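The structure appears right after this line, and notes come after that.
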Amino acid sequence: MRNNLHLNILYQFVESEDSAGNNISFYKIIHFFSEVGVVTTTTLKKVYDNYRPPGAVSDDCLFSSLDQLGHFAIDICKEVSAPEVFLLSAQDYNIGLDSCNDIRSFKEIFRRYGTSIENPDGGHRKKNIFGKLFN
Amino acid sequence: MDDGGFLQLTTPEVKEYDTVFPGENWFFYWRTSPSLWETKLREYQDSSPIFVPIYWGLHSEHPDQFDFGEYRPEADLKRLFTLAKSLGRELTIVLPTTPSPFLPSGGVPAYLARTIMMSEEGMGVSIVDSEGRLNKLFSFYDPRTFQSFRKFTYHLGQFITQSGFNCEVFGADFGYLSNGLYKSYFDDKSIAFEQGFNRYLKQIEITEPERIEQLKENHHLEETLKIDYAILIKNLYTDSAVEAIPANWAGVLKFAHLGGAPEDIFARTNDMWEHHGDFFKPFFNILVNDLLPSSVLLSPGLKKGVLQKALKDIVSSSLITSHLDNSLYEDDLVTSFNPLIFFNIYVGDTSQQKNLEFLLNGGGLRYYFDREYHWMYRILHSSFRYKPDFDQEEIIHFFFGSLLTLEDFNHVLRLFMNGGRVFIDIDGLDEEISKKLSVFLTENSIDTEKINFMTPIVKAQLGEGLIITYDNKKLSEVGLMKKIGFWETMIKFLKLNNLKVQIDEGLYYMWKHRSSNTYELNYEEIRRVSIYNPTSYKKKSTILSSKNYAFLKTVDEINAQVKSTPIGVDIELMPGASISLDFGYFE
Chain L
2 MRNNLHLNIL
12 YQFVESEDSA
22 GNNISFYKII
32 HFFSEVGVVT
42 TTTLKKVYDN
52 YRPPGAVSDD
62 CLFSSLDQLG
72 HFAIDICKEV
82 SAPEVFLLSA
92 QDYNIGLDSC
102 NDIRSFKEIF
112 RRYGTSIENP
122 DGGHRKKNIF
132 GKLFN
Chain H
1257 MDDGGFLQLT
1267 TPEVKEYDTV
1277 FPGENWFFYW
1287 RTSPSLWETK
1297 LREYQDSSPI
1307 FVPIYWGLHS
1317 EHPDQFDFGE
1327 YRPEADLKRL
1337 FTLAKSLGRE
1347 LTIVLPTTPS
1357 PFLPSGGVPA
1367 YLARTIMMSE
1377 EGMGVSIVDS
1387 EGRLNKLFSF
1397 YDPRTFQSFR
1407 KFTYHLGQFI
1417 TQSGFNCEVF
1427 GADFGYLSNG
1437 LYKSYFDDKS
1447 IAFEQGFNRY
1457 LKQIEITEPE
1467 RIEQLKENHH
1477 LEETLKIDYA
1487 ILIKNLYTDS
1497 AVEAIPANWA
1507 GVLKFAHLGG
1517 APEDIFARTN
1527 DMWEHHGDFF
1537 KPFFNILVND
1547 LLPSSVLLSP
1557 GLKKGVLQKA
1567 LKDIVSSSLI
1577 TSHLDNSLYE
1587 DDLVTSFNPL
1597 IFFNIYVGDT
1607 SQQKNLEFLL
1617 NGGGLRYYFD
1627 REYHWMYRIL
1637 HSSFRYKPDF
1647 DQEEIIHFFF
1657 GSLLTLEDFN
1667 HVLRLFMNGG
1677 RVFIDIDGLD
1687 EEISKKLSVF
1697 LTENSIDTEK
1707 INFMTPIVKA
1717 QLGEGLIITY
1727 DNKKLSEVGL
1737 MKKIGFWETM
1747 IKFLKLNNLK
1757 VQIDEGLYYM
1767 WKHRSSNTYE
1777 LNYEEIRRVS
1787 IYNPTSYKKK
1797 STILSSKNYA
1807 FLKTVDEINA
1817 QVKSTPIGVD
1827 IELMPGASIS
1837 LDFGYFE
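Protein chains in written order, with my numbering: chain L, 2 to 136; chain H, 1257 to 1843.
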């Protein structure tokens, strides 16, 4: 059983308008995965429920600040006992993509250009990581 | 077939995978030495035309320089076509009018690889090809790219005319499926697109100032204008190709690439993640979307076994020919099997429209079809035009009011008058069309029936012709089970006839049909169900008996066992198994 899977979060900074025409901005998770597959929506929903703004109906994971996104990433790490998560913005992803030409260098993008957040619990407590993470 | 005087002692073996023939009749001439073109063409055994995509970047290494074999043998298209002709092979030129995911830089010359394409989420678009290379795609909205494309197509057209090629030239709109819907590689949110869109707005400000005023009041209009701009630029590329190659131009084909969605890159760069079974659903979805599937991005390892078998079974020469002939109905091709389709859903050219998801799923239509008529419906990304040779008896046509133009509607009425069966969602239907429908029904004294069943329904019947109107928005407000109940009732009324298939999770199946031949005169037609097990487990399926069907035979059994029972035919499929079963259908 593997319990050393690294998680990757790719997020986007979005500037938009609310229904009243006010400018709003937020961070939106666009991809969340490890080397064996995407993180299930069940896991995401469970952890995101603590961050969901009251009245929000969308399934999207949106955060008002990077700090909040970082806390969410730690909570996910704890939930699935992952040792580490790499946070990468779409902008930095594109900088990384620009410099890679093959799969090997592509795989390094999150590690090289992302921000690493370690699981304070170490990430080796729960054994059934596959069951918790993936379909 | 002319063998060019070459004596063959053994039957050439058709290879499961070839880097030059990577699948579905594609010939990648740049992937081998020109000295091997003849050998490769000899190996090709299929009778249907060979697609030769034009690699723009190969023929134009420097601005304003074009090489079709004058300088380098690998660019010598004339030699390639002469060779093919001498071997009796039919080549069809495919000229990409969008970025090509299987080519470095998407096929554009290196001097144009400037602005990388962007997905809606702001991610640079890069696609993994069958050999594990990362192909970055570059924006077609850069004006320099368009100017160069125009020059290139002009020179290509000159070359084709001077060489005397009489082959057809198809434009290729390459794309992929995302959430089950087609997206073109032309769609792009890069800075090049935004800059072009701003120039477009300035132009509109001069020609249609009232639209800019509306934009200030309604910001949602910007999305509509962006779609208009994207369509305009896409058409410019196609038009310049048509202008340059008028005599050989045969239309635009839409190809959807398996493994070609921008977000697929994460799965495709992780060996532990990607599995050949993952491609069945998108593959069948591509067929349902009436697109030509392409597996050229998939590695040989992924295409082994049951997926390869399904690709060969379904992407048959008849399916390709039907697309090349631009015939909506494949039923004319009586000698070969074609997908059995009961429903056509018309969505216009709306690959960028965000409300498509709501139209298809809001009222539960697609959910119901996926549940009860798996892969037996088709989403058509085109306007509706009635043709007198429509085989309208079998197919039920669905239209959404918000997408229906007056011209489409006139054709819908012609279809109805000729016995066609039609569903129209009245939500968003243009008032003029709505009025025209009422006047048409009254003036022609057509019997109508009004019912309230979750939504107001109007049923109009004239002989075999049937129009049912309903309100998708109203239907979207009820629960999922009620939506299913609604469609179950509606479809039951149409008395469609097909065998029921019970199937374990993880199995995929598709129905095909063909007319009966002289040895099968007891039957109206022959229906074939092909079942595939891409999983690592033994699975079961049952095809339930029905009074109008006779089980005829099994075909191409691989690791599958069949047993007839009083209730139908039981099939056991081992991991990687596949099987087809033929049934005769009689009235």
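Yeah, the Cβ is synthetic: ideal placement off N, Cα and C, and Gly gets one too.
All values derive from a computational prediction rather than experimental measurement.
Answer yes or no: does any C-beta atom of chain H fall closer than 7 Å to that of residue i?
i      : result
L:K47  : no
L:I31  : yes
L:I216 : As displayed, chain L neither begins before 2 nor continues past 136, which places residue 216 of chain L out of reach and without an answer.
L:Q13  : yes
L:N51  : no
L:A83  : no
L:V86  : no
L:A91  : yes
L:F34  : yes
L:V37  : yes
L:F27  : no
L:N95  : yes
L:R98  : Arg is not the amino acid found at residue 98 of chain L; the sequence shown has Leu there. With 7 Å as the cut-off, L:L98 counts as an interface residue toward chain H.
Shorter than 7 Å from the beta carbon of residue i to some beta carbon of chain L?
i       : result
H:G1378 : yes
H:Y1585 : Below a pLDDT of 50, predicted positions are generally treated as unreliable, and H:Y1585, at 42, falls in that range; no measurement from the model is reported.
H:S1555 : no
H:M1528 : yes
H:T1525 : yes
H:L1621 : no
H:F1614 : no
H:S1382 : yes
H:L1837 : no
H:G1515 : no
H:L1390 : yes
H:F1871 : Residue numbering for chain H in the displayed model covers 1257 to 1843; residue 1871 of chain H lies beyond these limits and cannot be assessed.
H:V1590 : Since pLDDT at H:V1590 reaches only 49, below the 50 mark, its modelled position is unreliable, and the value read off the structure follows with that caveat. Taking Cβ atoms only, chain L never reaches closer than 7 Å to H:V1590, which makes this a no.
Would you mind reading off the limits of the alpha helix (DSSP H) that contains residue i?
i       : result
H:Q1564 : 1562-1570
H:L1297 : 1293-1299
H:R1627 : 1621-1628
H:P1538 : 1536-1544
H:M1830 : Not the alpha helix (DSSP H): H:M1830 falls in the beta strand (DSSP E), residues 1824-1841.
H:R1287 : Premise fails: H:R1287 is in no alpha helix (DSSP H) and is neither H nor E.
H:F1614 : 1612-1617
H:F1640 : No alpha helix (DSSP H) contains H:F1640, which DSSP labels as neither H nor E.
H:N1666 : 1662-1673
Spatial neighbours of residue i within its chain, please: CB distance less than 7 Å, with the 5 preceding and 5 following residues excluded, ordered by chain position.
i       : result
H:G1436 : N1541
H:I1799 : L1755, V1757, V1785, G1824, V1825, L1837
L:D61   : K29
H:R1370 : F1394, D1398
So residue i is in the beta strand (DSSP E); what residue range does that whole segment cover?
i       : result
L:N9    : 7-18
H:G1801 : First, the residue type needs correcting, since residue 1801 of chain H is Ser and not Gly in the sequence shown. Careful: H:S1801 lies outside any beta strand (DSSP E) and carries neither H nor E.
H:M1766 : 1764-1771
H:L1523 : Looking at the sequence shown, residue 1523 of chain H is not Leu but Ala. Taken as a continuous stretch (DSSP letters only), H:A1523 belongs to no beta strand (DSSP E), being part of the alpha helix (DSSP H) at 1521-1524.
L:E119  : 116-119
H:G1507 : 1505-1513
Residues in the same chain with beta-carbon distance under 8 Å from residue i, minus the five sequence neighbours each way, listed in chain order, please.
i       : result
H:E1586 : Low per-residue confidence applies at H:E1586: pLDDT is 43, beneath 50, and the placement is therefore not dependable, though the value from the model is reported in the following sentence. S1574, L1575, S1578, N1594, P1595.
H:Y1623 : N1617, L1736, K1739, I1740
L:L98   : F107, I110
Near residue i, which residues of its chain fall below 6 Å by C-beta distance, leaving aside the five closest residues on each side in sequence?
i       : result
H:Y1485 : F1453, Y1456
L:L1    : No statement about residue 1 of chain L is possible, as the shown extent of chain L runs from 2 to 136 and does not include it.
Can you give, in chain order, each stretch of the beta strand (DSSP E) that sits fully within the stretch 1353-1415 of chain H and has at least 3 residues?
The qualifying runs are 1382-1384, 1390-1392.
At what residue ranges does the stretch 1679-1751 of chain H contain a whole run of the beta strand (DSSP E), taking only runs of 3 or more?
Contiguous beta strand (DSSP E) elements confined to the stretch 1679-1751 of chain H occur at 1703-1709, 1711-1718, 1721-1726, taking only those with 3 or more residues.
Is it a yes or a no for the stretch 1446-1454 of chain H touching the stretch 1491-1505 of chain H, going by three-plus beta-carbon pairs under 8 Å?
Flag = no, the stretch 1446-1454 of chain H and the stretch 1491-1505 of chain H do not touch.
Which ranges would you report for the alpha helix (DSSP H) in the stretch 1309-1352 of chain H if only whole runs of at least 4 residues count?
Fully contained in the stretch 1309-1352 of chain H are the following alpha helix (DSSP H) runs of length 4 or more, in chain order: 1312-1315, 1333-1342.
Would you call the stretch 59-73 of chain L and the stretch 1412-1426 of chain H in contact, with 3 or more CB pairs under 8 Å?
Because the criterion of three Cβ pairs below 8 Å is not met, the stretch 59-73 of chain L and the stretch 1412-1426 of chain H do not touch.
Quick one: any contact between the stretch 1369-1381 of chain H and the stretch 1321-1335 of chain H, if contact means 3 or more CB pairs under 8 Å?
Contact between the stretch 1369-1381 of chain H and the stretch 1321-1335 of chain H is absent, because fewer than three Cβ pairs lie under 8 Å.
What are the start and end residues of each continuous alpha helix (DSSP H) run of 4 or more residues lying completely inside the stretch 37-110 of chain L, in chain order?
If only uninterrupted alpha helix (DSSP H) runs of at least 4 residues are considered, those enclosed by the stretch 37-110 of chain L are 42-49, 67-81, 91-99, 104-108.
Which complete alpha helix (DSSP H) runs does the stretch 1414-1498 of chain H hold, if anything under 4 residues is left out?
Entirely contained in the stretch 1414-1498 of chain H, the alpha helix (DSSP H) runs reaching 4 residues are, in chain order, 1447-1463, 1465-1473.
Is the stretch 1763-1771 of chain H close to the stretch 1628-1643 of chain H, with three or more CB pairs under 8 Å?
Taking 8 Å as the limit for Cβ pairs, the verdict is that the stretch 1628-1643 of chain H does touch the stretch 1763-1771 of chain H.
Hey, is the stretch 1426-1436 of chain H in contact with the stretch 1337-1355 of chain H, meaning 3+ C-beta pairs nearer than 8 Å?
Yes: at least three Cβ pairs fall under 8 Å.
Is the stretch 1273-1285 of chain H touching the stretch 1558-1567 of chain H in the sense that three or more CB pairs, one from each, lie closer than 8 Å?
Contact check between the stretch 1558-1567 of chain H and the stretch 1273-1285 of chain H: three or more CB pairs, one atom from each, fall below 8 Å, which counts as touching.
Are there three or more Cβ pairs, one per stretch, closer than 8 Å when the stretch 1459-1475 of chain H is compared with the stretch 1383-1395 of chain H?
Look at the beta carbons and you see the stretch 1459-1475 of chain H not touching the stretch 1383-1395 of chain H: under three pairs across the two are nearer than 8 Å.
Report yes or no: do the stretch 1542-1553 of chain H and the stretch 1499-1518 of chain H share at least 3 C-beta pairs separated by less than 8 Å?
Yes, the stretch 1542-1553 of chain H touches the stretch 1499-1518 of chain H.
Under 8 Å, with one C-beta from each stretch per pair, do the stretch 1680-1691 of chain H and the stretch 1719-1735 of chain H reach the 3-pair mark?
The stretch 1680-1691 of chain H vs the stretch 1719-1735 of chain H: in contact.
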